[in-house]
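Below is one structure, written out as structure tokens; the observations come after it.
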Amino acid sequence: MRKFIFTIILILSYSFSFSQIKPNERLVYAASYNMSGLMTQLAEVTMETEMMKTSKNTFLHLSIQAATFSKWDSFFKIRDLYESYVNPITLQASLYKRSIKEGGYSKTEKYIFKSDRKTIISTSKTNSKPETKKTFTVGTSTQDIVSVIYKLRTIDFQNYKNGQTKSFVIVFDETEFPVLVKFMGIETVSTGNLGTKNCYKISISAKTNALKGKDKNLIWLTADTKKIPALIKFSIPVGTGQLTLSNATGI
Amino acid sequence: MRKLFLFLAIIFTCLSIVFASLPLGTLALIPIGIALVFGFLTLKKSDLKQQKVVKVILLFAILSLVFVVGKEIFTKDEVEVDKQFDTKKTESKKEAKKDLEDLDGL
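What follows is the structure, given as structure tokens:
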């Protein structure tokens, strides 16, 4: 299930581009999983943005939360929260937080990005292991998985040709790995309360065991300046699933 | 052959009832479909006296089908209001603000 959530977040992380990120944006998705050939709705995934002011700075708080529908809670309850506090203009993260609770497993993780952009102070804790602190170095362009979602709004897919790619580096579970985004054309997709829209079809691949198959992890972004992820299909070692946009507000 | 079909129909009808009572959504349609197939096959191979039991099995499979389809149509998928999770989110924001204030001071 952790791979399932990670995959969703990873795919979402390639979902925005070429658009200003506004605070108070709320996107709600229904997450379905393929059970013996039948798509079964499992959870709700919500992505939100809001401003946060400190005494000296203003940050944009980006959050992604996943919660199972109540009928599943007694069997396998998921309450995941991924957060990133970024510079509202550059979208560079200063703080990344992850708190997951999936069935009997729980984990909290925090990355503090030092000003040199190369050093991360990480604090991690699971229900079976005590809190550990670690300092590690990453590339200057490496980002956490949440902030990269919004950072990617700077990609102008309008000028992309079919098959054109762009690569990124993400840090997750204290490990850096490259991710490749491939433009695959434009298709019409239903986008919840926004109606039916032309969308950019994007394929995501990463050097990680979490994703499976070639061009089987796909995301459709509205082909406008907002680049809202309308539909996400994923393929992981334990099966396939999708996220469909059900409601978008504050965009 | 009739006995085998009857056995399978009973097994899959039992599974249908179990699946239908669990929150497995449309996944329950699989055992229901199989139960119906074996139920009708058994019915075809049964004489009038033997048909009563098979009809009862089919009735349970059909009731499971109606229950599952009804649940899918009328039950709205909702996330329960989780005060613990809401508190966690609020606390996380407070902690983050403190961490960011500390970063400002560096």
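One line per chain: the protein sequences are P and C, in this order.
Our numbering numbers the first residue of the first sequence as 19 and each following residue consecutively.
Our numbering numbers the first residue of the second sequence as 7 and each following residue consecutively.
Heads up, the beta-carbon is just placed ideally off N, CA and C, and yes, glycines get one too.
Give me the subset of the stretch 53-80 of chain P whose CB atoms are less than 7 Å from a CB atom of chain C, sorted by chain position.
Under the 7 Å Cβ criterion, the stretch 53-80 of chain P contributes Met53, Ser54, Leu56, Thr58, Gln59, Glu62, Met70, Thr72, Ser73, Lys74, Asn75, Phe77.
Could you name the residues of the same chain whose beta carbon sits closer than 8 Å to that of Ser35 (chain P), not counting the 5 residues immediately before and after it, in chain order?
Low confidence applies to Ser35 (chain P): its pLDDT is 39, below 50, so where it sits in the model is not reliable enough to give any reading.
Applying a beta-carbon distance threshold of less than 9 Å, which residues of chain P neighbour Val43 (chain C)?
Those within 9 Å of Val43 (chain C) in chain P number zero; the least Cβ separation is about 16 Å.
Among P:Phe154, P:Leu99, P:Leu249, P:Lys225, which one has its Cα closest to the Cα of Glu205 (chain P)?
P:Leu249
Take Val156 (chain P) and list the residues in its own chain whose beta-carbon comes closer than 7 Å to its own, dropping the five residues that flank it on each side.
Lys136, Ile138, Val189, Glu194
If we ignore side chains and look at the alpha-carbon of each, how far apart do Ala34 (chain C) and Gly257 (chain P) end up?
CA-CA distance, Ala34 (chain C) to Gly257 (chain P), rounds to 18 Å.
Tyr100 (chain P) burial status per 10 Å Cβ neighbour count (16 or more: buried)
buried
Kindly indicate which three-state DSSP category Ser35 (chain P) falls into: helix, strand or coil?
With a pLDDT of 39 at Ser35 (chain P), under the threshold of 50, the modelled position of this residue cannot be trusted; read the value that follows with caution. Ser35 (chain P): strand per DSSP, three-state reduction.
Is DSSP giving Ile107 (chain P) helix, strand or coil here?
In this structure, Ile107 (chain P) counts as coil in the three-state DSSP scheme.
At which residues does the alpha helix (DSSP H) containing Tyr275 (chain P) begin and terminate?
Residue coverage of chain P in this structure runs from 19 to 269, which leaves residue 275 (chain P) outside it and unanswerable.
Nearest-angstrom Cα distance between Gly45 (chain C) and Tyr51 (chain P)?
30 Å
Buried or exposed for Tyr123 (chain P), please, with buried defined as at least 16 other CB atoms from any protein chain shown within 10 angstroms of its CB.
exposed
Limits of the unbroken beta strand (DSSP E) element including Ser124 (chain P):
Looking at the DSSP string, the run of the beta strand (DSSP E) that includes Ser124 (chain P) is 123-131.
Where Ser140 (chain P) meets chain C, residues with beta-carbon distance less than 8 Å
Here the premise fails: no neighbours, minimum Cβ distance about 13 Å.
Less than 8 Å between the CB atoms is what I'm expecting for Ser140 (chain P) and Lys128 (chain P), so what's the real figure, rounded?
7 Å
What is the DSSP secondary structure of Lys354 (chain P), reduced to helix, strand or coil?
In the structure as shown, chain P begins at 19 and stops at 269. Residue 354 (chain P) is therefore absent and cannot be evaluated.
Roughly how many whole angstroms lie between the Cα atoms of Asn211 (chain P) and Lys71 (chain P)?
31 Å
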